[in-house]
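Numbering follows full-length UniProt numbering, in which position 191 of the sequence shown is assigned residue number 192; successive positions increment by one, without gaps. For every residue, glycine included, the Cβ atom is placed at its ideal position computed from N, Cα and C. So the structure is just underneath, and the comments pick up after that.
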Amino acid sequence: THTARIRGMGYYAPEKVLTNADLEKLVETSDEWITTRTGIKERHIAAPGETVSDMAAQAAKAALADAGLEADELTHIFLYTVTPDFYTPSAACLMQEKLGIRGKVAQDVNAACCGYIYGLEMARAVIALRPESKVLVAAAEVLTSRTNWADRRTCVLFGDAAAACVVTADEPPLGKAAVVDALLSSDGSLGHLLTIKGGGSGHPYKLGDVIDEDFFLQMNGPEVFKHAVRSMAGVGRDLMAANGLTRDDIDLFIPHQANLRIMEAVAKKLEFGPEKIMSTVARFGNTSASTIGIALVEARKAGRIPVGGKVLLGAFGGGFTWGAALLQF
Ligand code: ACO
């Protein structure tokens, strides 16, 4: 069988930055509360009219440049998002158009915050079936389009961004990662703890309806916190065991960047010291599916991934979904 490799990766964050001080002017909160509870200092916010497909196309261009490939060489475009531009056409189709190409497999997929890891596993499956494939995995989110700015329990947490990578079966240049293994899971019985309902077929709006809280992201924070820690630690442990690895074999752990306290709790359960945790949450907040892709690029840029190093990714999100992936650089 062919090894799937991340041949190039990149991300895009919108220009506008919203700081904790800016949020103090919007809701009853403080930089101190947000920092101590979440580790977040600032987040990027999409410009008016800037969409998921716009941002995903930017991230894709960065990943293609990193891979040394032209957009037209892609065979598949998988765009992971819970905030697509529209129900239809898909953001993946619109993104393809923005890359100036056509004729590819293009689809939106919703795996919430686990999008990047789910995408790596789907790309791996495609490569196994058709080794000549060049699969673009994109994860993009304009969560601020579904943020209730009157709800201080959620509005301080999220930001907008996109990440992408190109997965191929080619022999890599140094520094490009093999996707060694992944373990994915989900549980719909807990889905009600983190929702964006409004406008779906389970919660349709009629002409003339006033938009209410159900249109926006709603979350039971403490419950999500608990499950996130338990699930991410469990799946990380299982994936290491399945590959005959212990914590000492892992050079860097990149958990979903939702909240620094969740990351630290997971790392503690897995017994990773602070030197093995990658965190970008202070600068980007929780950008859902794209956080891991951003953290990967930043980790490489910061020299935190040694040649030949093993990186463990872990994610948890709405659905609930969770998973882990193992990369070998
Ligand atoms: N500023 C000031 N006070 C606040 C704010 C705020 N922004 N938000 C809540 N509070 C208050 C609450 O009203 C509450 O006050 P009360 O006791 O008088 O009622 C108090 O702070 C404590 O609220 P809790 O919700 O219990 O605070 P907690 O310590 O649990 O922290 C948080 C809240 C940060 C949301 C935490 O529960 C959390 O991180 N949960 C996980 C959320 C998450 O990361 N979700 C995403 C994962 S999945 C995905 O990425 C989609």
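Remark: the shortest separation between the CB of Cys-115 and any heavy atom of ligand 1 does not fall under 7 Å. Judged by pairs of C-beta atoms under 8 Å, the stretch 252-266 touches the stretch 35-54, as three or more such pairs exist. The alpha-carbon separation between His-3 and Leu-121 amounts to approximately 14 Å. Looking at the DSSP output, Arg-44 sits in a beta bridge with Leu-19.
For the options Thr-288, Leu-65, Pro-15, the alpha carbon positioned closest to that of Thr-84 is the one of Thr-288. In the three-state scheme derived from DSSP, where H, G and I count as helix and E and B as strand, His-77 is classed as strand. With respect to Ala-163, Ala-93 sits apart: the two C-beta atoms are not nearer than 8 Å.
Cβ contact annotation for Leu-240 (same chain, cutoff 8 Å, sequence separation greater than five): Asp-182, Ala-183, Leu-184, Leu-313, Ala-325, Ala-326, Leu-327, in chain order. Using a C-beta cut-off of 8 Å, the stretch 226-234 makes no contact with the stretch 153-161, since fewer than three inter-stretch Cβ pairs fall below that distance. If only uninterrupted alpha helix (DSSP H) runs of at least 4 residues are considered, those enclosed by the stretch 229-303 are 261-270, 282-285, 292-302. Contact between Ala-72 and Gly-101 holds, since their C-beta atoms are separated by about 6 Å, short of 8 Å. Secondary structure note for Arg-38: its alpha helix (DSSP H) is the uninterrupted segment 32-39. The residue from Phe-87, Phe-216, Glu-51, Leu-195 with its alpha-carbon nearest to that of Ala-14 is Glu-51. Relative to the Cα of Ala-64, the nearest Cα in the group Gln-97, Tyr-12, Thr-20 belongs to Tyr-12. When the Cα atoms are used, Gly-69 and Tyr-206 turn out to be separated by approximately 45 Å.
Not one heavy atom of ligand 1 falls within 7 Å of the beta-carbon of Leu-27. Counting only the Cα atoms, Glu-265 lies some 10 Å from Ser-280. Around the beta carbon of Leu-218, 16 or more other beta carbons lie within 10 angstroms, which makes this residue buried. For Lys-270 and Leu-246, the gap between their C-alpha atoms comes out near 16 Å.
Annotated three-state conformation of Asp-215 is helix, per DSSP. Arg-6 is not a Cβ neighbour of Asp-252, given a cutoff of 8 Å. Rounded to whole angstroms, Gly-199 and Glu-142 show a C-alpha spacing of 17 Å. Rounded to the nearest angstrom, the Cβ distance from Leu-137 to Val-167 is 6 Å, consistent with a contact under 8 Å.
Bridge partners of Trp-150 according to DSSP: none are assigned. Sequence-distant partners of Ala-48 (beyond 5 residues in either direction) whose C-beta falls short of 8 Å from its own C-beta, in its chain, are Pro-15, Glu-16, Lys-17.
Annotation for Lys-99: the continuous alpha helix (DSSP H) segment containing it runs 92-99.
The beta carbon of Gly-286 sits closer than 7 Å to the beta carbons of Ile-41, Arg-44, Leu-158, Phe-159, Gly-160 from its chain, once the five residues preceding and following it are set aside; these are given in chain order. When secondary structure is reduced to three states using DSSP, Thr-2 falls in the coil class, being assigned neither helix nor strand. Put simply, the backbone Cα of Asp-210 is about 11 Å away from that of Phe-216.
Distances from the alpha-carbon of Leu-144 to those of Val-53, Glu-33, Val-308 put Val-53 closest. For the set Arg-305, Gly-235, Val-127, Ile-118, the Cα lying nearest the Cα of Ile-278 is the one of Arg-305.
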